[in-house]
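Please read the structure below before turning to the comments.
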Amino acid sequence: MLKIGIHYQEKIIDVDPGKQYATEYVEPSEDEKFIDRYLLDLTSKEVQYDLANNLDKDFYLNRTVKLCSYYNYGYTNEKDFFCGELTPIDGGYSDSWYLYLSRDTFKDVYQELLKGDVNMRISAIIPSKSYKRGQGNMAYSK
Numbered sequence: 000m001l002k003i004g005i006h007y008q009e010k011i012i013d014v015d016p017g018k019q020y021a022t023e024y025v026e027p028s029e030d031e032k033f034i035d036r037y038l039l040d041l042t043s044k045e046v047q048y049d050l051a052n053n054l055d056k057d058f059y060l061n062r063t064v065k066l067c068s069y070y071n072y073g074y075t076n077e078k079d080f081f082c083g084e085l086t087p088i089d090g091g092y093s094d095s096w097y098l099y100l101s102r103d104t105f106k107d108v109y110q111e112l113l114k115g116d117v118n119m120r121i122s123a124i125i126p127s128k129s130y131k132r133g134q135g136n137m138a139y140s141k
């Protein structure tokens, strides 16, 4: 009998090619749909631990955003941008991100944040022109 090996969670499972196997379609999660829609390959954790090598690359963040007033390093344009703080779902306070959102593009989001925290899925970027060594987790929302 011919056997084909399939890698699954670091185990090799032998599969008999003569048998039929039932498969079940699993609907992609809302996170997966967002990531696919915006062609995002990086997560906030991947970027956080390698900021300098991930400049000008879009990445994915997901969690509750609260309005804040932190403007520093290359992110000082309070007139055109407002700041939101996000702690990723898979991180703690030290993994928090300061996100800078355009007051024009995201005026509805700003109004919602004035009422309270908002759950958001975000495509973010750290532009090389704004990056300052030692800045920490600071990015623009797209």
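Numbering (numbering that gives the first Met the number 0), first residue to last: 0 to 141.
We put the CB at the ideal spot given by N, CA and C, even for glycine.
Remember, it's a predicted structure, so these values are computed and weren't measured experimentally.
- The three-state reading of DSSP puts S93 in helix, counting H, G and I together.
- For I124, the enclosing beta strand (DSSP E) begins and ends at V117 to I124.
- In the three-state reduction of the DSSP assignment, N71 falls in the strand class.
- For Y139, the enclosing beta strand (DSSP E) stretches over residues M137 to S140.
- The three-state secondary structure of K65, taken from DSSP, is strand.
- Distance check between S43 and each of Y74, V108, L112 and S93 places S93 closest, using alpha-carbon atoms only.
- The three-state secondary structure of F33, taken from DSSP, is helix.
- Separation of the CB atoms of P126 and D55 is rounded to 6 Å, and the pair is thereby assigned contact status at 8 Å.
- Between the alpha carbons of D57 and S140 lies a gap of roughly 9 Å.
- In the structure shown, the three-state DSSP call for Y109 is helix.
- Counted as a single uninterrupted DSSP element, the beta strand (DSSP E) harbouring E84 occupies residues F80 to L85.
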